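Its first residue numbered 1, the sequence shown is counted upward by one per residue in the UniProt record's numbering.
Even for Gly, the Cβ is constructed at its ideal location relative to N, Cα and C.
Quantities reported herein were computed from a predicted structural model and do not represent experimental measurements.
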Amino acid sequence: MYALISRAGDPTPHLEELPSQPLGTDDIRVEVAAAGFTLFDAFVAADHAAIGLPDVIGLGFDFSGVVTEVGETVSGFAVGDRVAGFHGNPAAGARAHATEVVLPAADAAVVPTALSLEAAAAAPLNALTARQALDLLGPERGSLLVTGAAGGVGLWALALAKADGWTVDALVRPGTEHLATGADRTVTEIEPRAHDAVLDLAALNEPALAGVRDGGRYISVKPGRAPESERGIEVSTVMSHADGPVLAGLLELAADGTVPTRIAATRPLSKAAEAYQEADAAPGSDGRWLLIP
1 MYALISRAGD PTPHLEELPS QPLGTDDIRV EVAAAGFTLF DAFVAADHAA
51 IGLPDVIGLG FDFSGVVTEV GETVSGFAVG DRVAGFHGNP AAGARAHATE
101 VVLPAADAAV VPTALSLEAA AAAPLNALTA RQALDLLGPE RGSLLVTGAA
151 GGVGLWALAL AKADGWTVDA LVRPGTEHLA TGADRTVTEI EPRAHDAVLD
201 LAALNEPALA GVRDGGRYIS VKPGRAPESE RGIEVSTVMS HADGPVLAGL
251 LELAADGTVP TRIAATRPLS KAAEAYQEAD AAPGSDGRWL LIP
């Protein structure tokens, strides 16, 4: 197999040939068809040792592909199934940016027939992050401001928040209003203390916190970088994690068009280093970047 590897002190990831990973009893092995990548992947590749990861790590969170082997205790998956998944172990030596992936079956989901494997690869990280962030808000509903609403996680957050019963305002940069589909209102400025909750996907921190009413709720997507609580506001941070059963339901929303799929570009895995640089230079891209083995 081949996997994209990052080594401490070298900001450029390299595609390396590795032995196939061992298959655990509750694992599945997947031949990768497509894998999503983001600016966060580029950030990890550039300086992963600084955030406490091993000197040598694999790269990539989400992927789609075809099952080629199942562990002896696995049920619900069979060789030949089309699946998508979230590789949630950032310290692993090989991850989603590879020709094959081994992961717990519980971290994957069957891809609906109506959804292409490329579209499925664009979903897991964005969809699970949005779902898990909204879950942190608890059962109460009201007015919600989503910052970074035109991005990939924002696209999912708007659709899921509306389905949950929130009145949703989408904060976007001027000129990107058309990307914030599904919101009740699109705004380009934060109104002070105007919302019951803020989902701060753009990591604006204090400026976004200022939009929360006294005693409201604020959700960060940047571990260790959330603003300090003030005015009785409950501050939480989402830690995205794999969840196959939840992902299965989210993939259905992509398949039926409830949440549209946006793909900015596809690049061959063999050109991953150049693709990372290209994506890093285009942070406002309309859609997810994919690597194709």
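Worksheet item: Who pairs with D62 in a beta bridge, going by DSSP?
Response: D62 pairs with F86.
Worksheet item: Of the choices A242, A203, S270, whose alpha-carbon is the least far from that of E223?
Response: One point to set straight first is that residue 223 is Pro, not Glu, in the sequence displayed. If we check each option's Cα against that of P223, A203 comes out closest.
Worksheet entry | Start-to-end residues for the beta strand (DSSP E) that takes in P104 | From DSSP, the beta strand (DSSP E) with P104 extends over 100 to 104.
Discussion item. Could you compute how far the alpha carbon of V74 sits from the alpha carbon of D107?
Written reply: Distance between the alpha carbons of V74 and D107 is about 12 Å.
Worksheet entry | Cα-Cα separation, A157 to A78 | Per the coordinates, the alpha-carbon of A157 lies some 32 Å from the alpha-carbon of A78.
Worksheet item: Going by DSSP, what residues sit across from H14 in a beta bridge?
Response: H14 pairs with I5.
Discussion item. Tell me the residue span of the beta strand (DSSP E) that contains R131.
Written reply: Judged by DSSP secondary structure, R131 falls outside any beta strand (DSSP E) and instead within the alpha helix (DSSP H) spanning 124 to 135.
Discussion item. Closest to G88 by C-alpha separation, out of M239, S20, L291, would be which residue?
Written reply: Ranking M239, S20, L291 by Cα distance to G88 puts M239 first.
Worksheet entry | Neighbour-count burial assignment, P260, 16 or more Cβ in a 10 Å radius | So P260 ends up on the exposed side.
Fill in: Under 8 Å between C-beta atoms of A163 and I190
For A163 and I190, no; Cβs fall outside 8 Å.
Worksheet item: At which residue ranges does the segment 247 to 279 contain complete beta strand (DSSP E) runs of 3 or more residues, listed in the order of the chain?
Response: Segments of the beta strand (DSSP E) lying fully in the segment 247 to 279: 263 to 268.
Discussion item. Taking only three categories from DSSP, how would you classify V187?
Written reply: Here V187 sits in strand by DSSP.
Fill in: Proximity below 8 Å, CB of T258 to CB of E118
Cβ atoms of T258 and E118: not closer than 8 Å.
Discussion item. Counting C-beta neighbours from all protein chains within 10 Å, is the total for F40 16 or more, i.e. buried, or is it exposed?
Written reply: Counting Cβ neighbours within 10 Å, F40 comes out exposed, since fewer than 16 surround it.
Worksheet item: So, using beta-carbon positions, are L291 and H14 closer together than 8 Å?
Response: For L291 and H14, no; Cβs fall outside 8 Å.
Worksheet entry | As assigned by DSSP and simplified to three states, the class of L145 | Strand at L145.
Worksheet item: Between the beta-carbon of G65 and the beta-carbon of A33, is there less than 8 Å?
Response: Against a cut-off of 8 Å, the Cβ pair of A33 and G65 comes out as a contact.
Worksheet item: With burial defined as no fewer than 16 other Cβ atoms inside 10 Å of the residue's Cβ, what is the status of E100: buried or exposed?
Response: E100 should be labelled buried.
Discussion item. Using DSSP's beta-bridge definition, name the partner residues of R29.
Written reply: R29 has E69, V102 as its beta-bridge partners, per DSSP.
Discussion item. Taking a contact to mean a Cβ-Cβ separation below 8 Å, would you say R217 touches E228 in this structure?
Written reply: Contact: no.
Worksheet entry | Span of the alpha helix (DSSP H) around W166 | No alpha helix (DSSP H) contains W166, which DSSP labels as neither H nor E.
Discussion item. Does G216 come out as helix, strand or coil in the three-state DSSP assignment?
Written reply: Three-state DSSP puts G216 in a strand.
Worksheet item: Since F37 sits in a beta bridge, which residues does DSSP pair it with?
Response: According to DSSP, F37 bridges with W289.
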